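> So that we are looking at the same thing, I have put the structure below in structure tokens.
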Amino acid sequence: FSVVFVLLLSSYVLVVYDETRSLPNGYENFVSTNAQTFSVILIISLCVLTLRELGQLFSKPITYLKNFENYLEITLITCSVIILFFDGGEVDPLWRKYLSPLINLLAWSELVLITGRTPLLSPQLEMLKKVTLTFLQYMPWYLLVLLAFNFSFYSLFSDVRVLDERNLFESPLTGFFKTVLMMTGEYNMPAELYEDVPVVSHLIFLAFVFLVAIVMLNLLSGLAVGDTSHIRQKADILSLVYRVNIVVHME
173 FSVVFVLLLS
183 SYVLVVYDET
193 RSLPNGYENF
203 VSTNAQTFSV
213 ILIISLCVLT
223 LRELGQLFSK
233 PITYLKNFEN
243 YLEITLITCS
253 VIILFFDGGE
263 VDPLWRKYLS
273 PLINLLAWSE
283 LVLITGRTPL
293 LSPQLEMLKK
303 VTLTFLQYMP
313 WYLLVLLAFN
323 FSFYSLFSDV
333 RVLDERNLFE
343 SPLTGFFKTV
353 LMMTGEYNMP
363 AELYEDVPVV
373 SHLIFLAFVF
383 LVAIVMLNLL
393 SGLAVGDTSH
403 IRQKADILSL
413 VYRVNIVVHM
423 E
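For the sequence shown, position 125 matches number 297 in this note's numbering, and the numbering has no gaps at all.
This is how it looks when you write it as structure tokens:
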């Protein structure tokens, strides 16, 4: 049922709710004639999902409130209620542009979590959770390294004028965004940035490539490989645990 709800909600947001997106003539006629029916089906699905969540809340309130996935479902239900009942068409299309990607992200994230509860996909979901937690555990300290290079690049390149494109290092905020992109291997540094202080700028850039792109990324990759190999060794046990959780949840 949750899979059907996610598909209905995502289709409604992409085709009906977001009016800023242009559609072919055939699709526009289909949407205009069937939008009301589509909304009714989605409202019924939303009511069923809400009743299910309320049943879980009242049956085991402490267990329900301790589960992070339930807060994701509550947020998804709240956003769905907003677009279905509190949007009479007078809302600014720009706000719809903000709300549409948020709902799609929540809906498909919920689908990932739901399908990951099955015994077949439970090891994959556990890998995703474990690697994410490992990255979050180590990234706060590594963030200091990124900030160090970010402020160094800002000091060097903030006043440089670049032809045919924007200098992202003109402010610390956009510079940090560029630094994170460079961490993934997207360097694309215009030649004008190195003209004022060529020696220092090249040395700092080489230090960034060595410490961040080579050392830090390989270290994080090694941590992820260690986590996934450990989970693969327990794949059968995890599958059995999720089977038991499904039986307990159904009872």
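Think of the CB as a built atom: it goes at the ideal place given N, C-alpha and C, for glycine as much as any other residue.
In this text the structure is predicted, and so the values were computed from the model without any measurement.
(1) What do you reckon, is the C-beta of VAL369 under 7 angstroms from a heavy atom of the ligand HEM?
(2) Count the other C-beta atoms from every protein chain shown that fall within 10 angstroms of the C-beta of LEU274, then say buried if there are 16 or more, exposed otherwise.
(3) Pick helix, strand or coil for THR290, following the three-state DSSP scheme.
(4) Which of the three DSSP states, helix, strand or coil, is assigned to ASN339?
(5) Taking the alpha carbon of PHE329 as the reference point, which residue from THR304, PHE377 and GLY357 has its own alpha carbon closest?
(6) Would you grab the beta carbon distance between PHE341 and TYR326 for me? Rounded to a whole angstrom, and I think it's under 8 angstroms.
(7) Starting from the C-beta of LEU237, find all residues in its chain whose C-beta is less than 7 angstroms away, skip the five residues before and the five after it, and write them out in chain order.
(8) With a threshold of 8 angstroms on Cβ separation, who are the neighbours of VAL334 within its own chain once the five nearest residues in sequence on each side are excluded?
(9) Below 7 angstroms CB to CB, which residues in the same chain sit around LYS350 once its five sequence neighbours on both sides are set aside?
(10) Any chance the segment 299-311 sits against the segment 390-398, with 3 or more Cβ pairs inside 8 angstroms?
(11) Return the first residue and the last residue of the alpha helix (DSSP H) that ALA396 is part of.
(12) Beta-carbon within less than 8 angstroms of LEU244's beta-carbon, same chain only, minus the 5 sequence neighbours each way: which residues are those?
(13) Please classify ILE403 as buried or exposed, where buried requires at least 16 other C-beta atoms within 10 Å of its C-beta.
(14) Given 8 angstroms as the limit, is there contact between the segment 215-227 and the segment 177-185, that is, 3 or more CB pairs closer than that?
(15) Have a look at THR250, LYS269, PRO233 and GLN208 and flag the residue whose alpha-carbon is nearest the alpha-carbon of LEU186.
(16) Kindly indicate which residue of SER183, ASN239 and LYS232 has the alpha-carbon position closest to the one of ILE213.
(17) Using a threshold of 8 angstroms, state whether the C-beta atoms of MET388 and VAL332 are closer than that.
(18) Note the first and the last residue of the continuous alpha helix (DSSP H) segment covering VAL176.
(19) Thinking C-alpha only, which one of PHE257, GLU225, THR247 and THR290 is nearest LEU138?
(20) Quick check: the Cα distance between CYS251 and SER231, rounded to an integer number of angstroms?
(21) Does the beta-carbon of ASN322 have 16 or more other beta-carbons within 10 angstroms, so that it is buried, or is it exposed?
(22) Using DSSP with H/G/I as helix, E/B as strand and the rest coil, what is ARG268?
(23) Below 8 angstroms on the Cβ atoms is my guess for PHE382 versus MET354; work out the distance and round it to an integer in Å.
(24) To the nearest whole angstrom, what separates the beta carbons of LEU256 and SER211, a pair I think is in contact under 8 angstroms?
(25) Drop a sphere of 10 angstroms on the beta-carbon of PHE348, count the other beta-carbons inside from all chains shown, and report buried for 16 or more, exposed for fewer.
A quick look at the data gives this:
(1) With respect to the ligand HEM, the structure shown offers nothing to examine, as it has no ligands at all.
(2) exposed
(3) coil
(4) coil
(5) PHE377
(6) 5 angstroms
(7) none
(8) PRO362, GLU364 and LEU365
(9) LEU340 and PHE341
(10) yes
(11) 389-405
(12) LEU278, SER281, GLU282 and LEU285
(13) buried
(14) yes
(15) LYS269
(16) SER183
(17) no
(18) 174-183
(19) The structure shown has nothing for residue 138, since the chain only spans 173 to 423.
(20) 24 angstroms
(21) buried
(22) helix
(23) 13 angstroms between Cβ atoms; not a contact.
(24) 7 angstroms
(25) buried
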